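Trainee: Here it is: the structure, laid out below.
Protein chains: 2
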Amino acid sequence: MDRKPLILLTNDDSIKAPGLRFLIECVRPFGKVVVVAPDRPQSGTAHAVTVNHPLRIELLKKEKDYEEYTCNGTPADCVKLAFKVILKKRADFLFSGINHGANSSINIIYSGTMAAVFEGAMAGVSSAGFSLADYSMNADFKPSAVYIKKIISEVIKNKLPQGVCLNVNIPAIPAKKIRGIKVCRQAEGTWQEDFDERTDPHGHKYYWMTGVFVKTGHGKDADEWALEHNYIAVVPVHFDFTANKALKPISDWFS
Amino acid sequence: MDRKPLILLTNDDSIKAPGLRFLIECVRPFGKVVVVAPDRPQSGTAHAVTVNHPLRIELLKKEKDYEEYTCNGTPADCVKLAFKVILKKRADFLFSGINHGANSSINIIYSGTMAAVFEGAMAGVSSAGFSLADYSMNADFKPSAVYIKKIISEVIKNKLPQGVCLNVNIPAIPAKKIRGIKVCRQAEGTWQEDFDERTDPHGHKYYWMTGVFVKTGHGKDADEWALEHNYIAVVPVHFDFTANKALKPISDWFS
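From first to last, the protein sequence lines are chains E and P. Just so we're aligned, residue 1 is where the first sequence starts under the numbering used here, counting upward by one. Just so we're aligned, residue 1 is where the second sequence starts under the numbering used here, counting upward by one.
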């Protein structure tokens, strides 16, 4: 690549989130960086897109090889607006995060961080999402910096196979405890929801959703195992959801 | 199964949508039916869940072997509330739809209809989503009734393999043109977005998202081909997004 690569950054914790600020610092040495991030937290929005109200874009900063925008949409909206309206072309690379909280195992399905990454991959852009296993807004991202830069540099050097993107999860531990990077599959797991039932001043019931993530598989080749054993987990993911093994048995139902 | 199966129904077009009303009529002969559907349209919500505001449930109807509830959440919220608060247990089966508009190919990723189905499958419930390739609220669901009942009866008879659910898409054509049911894989495709730029009375720009779906693959084994050739497309899908073929090449980056 003769010119500097054009790199789109986004997240789902909003333009103000420390995790995004940290990622910006990691990525800037690699090329021209354009940030397009939601104007408010969008955790749990998954792959939602905004079709029933209009979107607005605000330019926040413009300097040499760096621009920063915010919009009133979801992470998926940010990517679509970036490619079509702001950049008027696709970026060369897309990085999303660093999310405050893990998106390992089936948490990927609820994740706005990873929705942006899928959106990039569907547009043919090499894309990766980063998440730290610490929900706090004061989470310490520094221990992972060297690994994040390594992953970014490999994505830029090799590009990702068509249709494949990366879900990177980082354990919340001191730098000296991190054992390295492990490429793995998505672990089996589920959420056990609970609903906190309350009564409003008018006597009507309402519910707050809470819950705990429960690992249901224990393979050493899975992302949950890697995180528990102090590795940074890198899962190559795709957006072909076909359950290939089920094609034959389900076909037999209708033959 | 000695007792009547307990069947949860939901959708993303709201409790009032004609597609849901049609699905209720198709499903009622098969068991005890509980409907829990959003109180307003939720198209494009994907797998969003509501964690930042409280959820409310309203009982609309209760008769022998039939109950109907609405809530102010997303399709995924409806399923979680149904299992944990309303039924206080998992249903035996979950059916979602009939969506007004196709969820074939990569449209599954934006679909609230299919988010509910994934939510069921993640809880271990045999689940299937139905979508008709007609966005109109006056869409004609009748031509597909016999096929929908066939699919429901096969799901109830055989149950789905653990972790697998069905994405059923129906062409919007007269009954006599439907050539049957075809089990297929998810087709390659993408959305080419466009943003309709306007200026508000205060001189600020805003954007409405529009776009067209573009098929990018042409396999005869894919859902888009089936729909174009007047088949009802049944794609077995799962929520393990691991791109298995990419595990080795990406591992090599870090070895």
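Glycine included, every Cβ here is placed at the ideal spot set by N, Cα and C. Treat the numbers as computed from the prediction; the structure is a model and nothing was measured.
Could you compute how far the alpha carbon of E/Cys165 sits from the alpha carbon of E/Ile152?
Mentor: By one-based count along the first sequence, residue 165 of chain E stands at place 165. By one-based count along the first sequence, residue 152 of chain E stands at place 152. So the alpha carbons of these two residues sit roughly 12 Å apart.
Trainee: By the DSSP assignment, the alpha helix (DSSP H) with P/Ser153 in it spans what residues?
Mentor: As a first step, residue 153 of chain P is located in the second sequence; it is residue number 153 there, counting from the start. Element bounds for P/Ser153: 145 to 158.
Trainee: Between which two residues does the beta strand (DSSP E) carrying E/Lys80 extend?
Mentor: Taking the first sequence and counting its residues from 1, one reaches residue 80 of chain E at position 80. Per DSSP, E/Lys80 belongs to no beta strand (DSSP E); it is in the alpha helix (DSSP H), 75 to 81.
Trainee: Under 9 Å, CB to CB, which of the residues in the region 228 to 242 of chain E have a partner in chain P?
Mentor: From the region 228 to 242 of chain E, only Val234, Val235, Pro236, Val237, His238, Phe239, Asp240, Phe241, Thr242 have a Cβ closer than 9 Å to chain P.
Trainee: Enumerate in chain order the residues of its own chain whose CB-to-CB distance from E/Cys78 is below 7 Å, with the five nearest sequence positions on each side excluded.
Mentor: Walking along the first sequence from the start, residue 78 of chain E turns up at place 78. So the qualifying residues of the chain are Thr10, Val36, Ala37, Pro38, Cys71, Ala116.
Trainee: Determine whether the Cβ of P/Lys215 lies closer than 8 Å to any Cβ atom of chain E.
Mentor: Mapped onto the second sequence, residue 215 of chain P falls at position 215. It does not: the Cβ of P/Lys215 has no partner Cβ on chain E nearer than 8 Å.
Trainee: Taking the CB atoms as reference points, tell me whether P/Leu94 and P/Ser127 lie closer together than 8 Å.
Mentor: The count along the second sequence starts at 1 and reaches residue 94 of chain P at position 94. The count along the second sequence starts at 1 and reaches residue 127 of chain P at position 127. In this structure, P/Ser127 lies closer than 8 Å to P/Leu94 by Cβ.
Trainee: Just checking: is the beta-carbon of P/Trp225 within a distance shorter than 8 Å of some beta-carbon in chain E?
Mentor: Locating residue 225 of chain P in the second sequence gives position 225, counting from the first residue. So, not an interface residue.
Trainee: Measuring only the C-alpha atoms, how far is E/Ala133 from E/Pro41?
Mentor: As a first step, residue 133 of chain E must be located in the first sequence, where it is residue number 133. As a first step, residue 41 of chain E must be located in the first sequence, where it is residue number 41. Whole-angstrom Cα-Cα distance: 17 Å.
Trainee: Under 8 Å between beta-carbons, which chain E residues line up against P/Arg56? List them in chain order, please.
Mentor: Reading the second sequence from its first residue, position 56 is the one you call residue 56 of chain P. In chain order: His204, Lys205, Tyr206, Tyr207.
Trainee: Going straight from the alpha carbon of E/Lys16 to that of P/Ser144, what length do you get?
Mentor: Stepping through the first sequence from its first residue, residue 16 of chain E is reached at position 16. Stepping through the second sequence from its first residue, residue 144 of chain P is reached at position 144. Rounded to the nearest angstrom, the two C-alpha atoms are 49 Å apart.
Trainee: Going straight from the alpha carbon of P/Gly129 to that of P/Ala222, what length do you get?
Mentor: In the second sequence, residue 129 of chain P corresponds to position 129, counting from 1. In the second sequence, residue 222 of chain P corresponds to position 222, counting from 1. Cα-Cα distance, rounded: 17 Å.
Trainee: Please tell me whether E/Ala250 has its Cβ less than 8 Å away from any Cβ of chain P.
Mentor: Taking the first residue of the first sequence as 1, we reach residue 250 of chain E at position 250. Note that residue 250 of chain E is Ile in the sequence shown, not Ala. It does; some Cβ of chain P falls within 8 Å.
Trainee: Check whether the Cβ of E/Asp194 lies closer than 8 Å to any Cβ atom in chain P.
Mentor: As a working mapping, residue 194 of chain E is identified with position 194 in the first sequence. Yes, E/Asp194 lies at the interface with chain P (some Cβ there is under 8 Å from its Cβ).
Trainee: Identify the contact partners of P/Pro161 in chain E, using a Cβ-Cβ distance below 8 Å as the criterion.
Mentor: Within the second sequence, the letter at position 161 stands for residue 161 of chain P. Near P/Pro161 (Cβ distances below 8 Å), the residues of chain E are Ala243, Lys245, Ala246, Pro249.
Trainee: List the DSSP bridge partners of P/Ile170.
Mentor: Along the second sequence, one-based indexing puts residue 170 of chain P at 170. Partner(s): P/Leu132.
Trainee: In this structure, does DSSP put E/Ser255 in helix, strand or coil?
Mentor: Position 255 of the first sequence holds residue 255 of chain E. In the structure shown, E/Ser255 sits in coil (DSSP, three-state: anything other than H, G, I, E or B).
Trainee: Taking the C-alpha atoms as reference points, what is the distance between P/Gly101 and P/Glu228?
Mentor: Here the question's residue 101 of chain P lines up with position 101 in the second sequence. Here the question's residue 228 of chain P lines up with position 228 in the second sequence. About 15 Å.
Trainee: Looking at the structure shown, is E/Glu188 part of a helix, part of a strand, or coil, going by DSSP?
Mentor: Counted from its first residue, the first sequence places residue 188 of chain E at position 188. E/Glu188: coil per DSSP, three-state reduction.
Trainee: Can you grab the Cα-Cα spacing for the pair E/Lys256 / E/Trp208, in whole Å?
Mentor: Residue 256 of chain E lies beyond the stretch modelled for chain E, which goes from 1 to 255, so this question has no answer here.
Trainee: Would you kindly work out how many angstroms separate the C-alpha atoms of E/Lys155 and E/Ala46, rounded to a whole number?
Mentor: Here residue 155 of chain E is taken as the residue at index 155 of the first sequence, counted from 1. Here residue 46 of chain E is taken as the residue at index 46 of the first sequence, counted from 1. Before going on, a small fix: residue 155 of chain E reads as Val here, not Lys. Each residue's Cα considered, the two are about 24 Å apart.
Trainee: For P/Trp191, which residues in the same chain have their Cβ closer than 6 Å to its Cβ, ignoring the five residues on either side in sequence?
Mentor: Within the second sequence, the letter at position 191 stands for residue 191 of chain P. Around P/Trp191: Gly211, Phe213.
Trainee: Within its chain, find whatever has a CB closer than 6 Å to the CB of P/Lys32; leave out the 5 residues flanking it on each side and keep chain order.
Mentor: Along the second sequence, read from residue 1 onward, the residue named residue 32 of chain P stands at position 32. For P/Lys32, where only same-chain residues beyond five positions count, the Cβ hits under 6 Å are Lys4, Leu6, Asp65.
Trainee: So for E/Gly97, helix, strand or coil by DSSP?
Mentor: Counting from 1 along the first sequence, the entry for residue 97 of chain E is found at position 97. E/Gly97 falls in the strand class under three-state DSSP.
Trainee: In whole angstroms, give me the CA-to-CA distance for E/Asn99 and P/Ala246.
Mentor: By 1-based counting over the first sequence, the position of residue 99 of chain E is 99. By 1-based counting over the second sequence, the position of residue 246 of chain P is 246. Taking the straight line joining both Cα atoms gives about 24 Å.
Trainee: Considering only the alpha carbon of each residue, which of E/Arg90, E/Ser251, E/Lys157, E/Trp225 lies closest to P/Cys184?
Mentor: As a working mapping, residue 184 of chain P is identified with position 184 in the second sequence. Selected option, being the one with the closest Cα: E/Ser251.
Trainee: By the three-class DSSP mapping on this structure, what secondary structure does P/Asp223 have?
Mentor: Locating residue 223 of chain P in the second sequence gives position 223, counting from the first residue. Three-state DSSP puts P/Asp223 in a helix.
Trainee: Return the bridge partner residues of E/Cys71 from the DSSP annotation.
Mentor: Start at 1 with the first residue of the first sequence, and residue 71 of chain E comes out as number 71. Paired residue(s): E/Pro38, E/Ile57.
Trainee: Looking at the structure shown, is P/Ser105 part of a helix, part of a strand, or coil, going by DSSP?
Mentor: Against the second sequence, residue 105 of chain P aligns to sequence position 105. Reduced to three states, the DSSP call for P/Ser105 is helix.
Trainee: In chain order, what residues of the same chain lie with their CB nearer than 7 Å to the CB of P/Leu55, ignoring the 5 residues before and after it?
Mentor: Residue numbering aside, residue 55 of chain P sits at position 55 when the second sequence is read from its first letter. Only Cys71, Asn72, Gly73, Asp77, Leu81 meet the Cβ criterion.
Trainee: State the Cα-Cα distance for the pair E/Ile148 and E/Tyr231, rounded to the nearest angstrom.
Mentor: On the first sequence, residue 148 of chain E is found 148 positions in, with the first residue counted as 1. On the first sequence, residue 231 of chain E is found 231 positions in, with the first residue counted as 1. The alpha-carbon atoms of E/Ile148 and E/Tyr231 are separated by roughly 13 Å.
Trainee: Helix, strand or coil for E/Ile15? Go by DSSP, reduced to three states.
Mentor: On the first sequence, residue 15 of chain E is found 15 positions in, with the first residue counted as 1. Coil at E/Ile15, not helix or strand.
Trainee: What are the boundary residues of the beta strand (DSSP E) that E/Phe118 is part of?
Mentor: Within the first sequence, numbered from 1, the residue matching residue 118 of chain E stands at position 118. Counting along the chain, E/Phe118 falls outside any beta strand (DSSP E), though it belongs to the alpha helix (DSSP H) covering 112 to 122.
Trainee: Please work out which residues of its chain come closer than 7 Å, Cβ to Cβ, to E/Val49, disregarding the five sequence neighbours upstream and downstream, and give them in chain order.
Mentor: Translated into the one-based positions of the first sequence, residue 49 of chain E becomes position 49. Only Thr74, Ala76, Asp77 meet the Cβ criterion.
Trainee: Of all the residues that make up the region 76 to 91 of chain P, which are near chain E by a beta-carbon distance shorter than 9 Å?
Mentor: Those residues of the region 76 to 91 of chain P that come within reach of chain E (Cβ to Cβ, closer than 9 Å) are Ala76, Asp77, Lys80, Leu81, Phe83, Lys84, Val85.
Trainee: Going by alpha carbons, who is nearest to E/Lys89 out of E/Gly97, E/Ser105, E/Phe254, E/Gly120?
Mentor: Counting from one through the first sequence, the residue named residue 89 of chain E turns up at place 89. It is E/Gly120.
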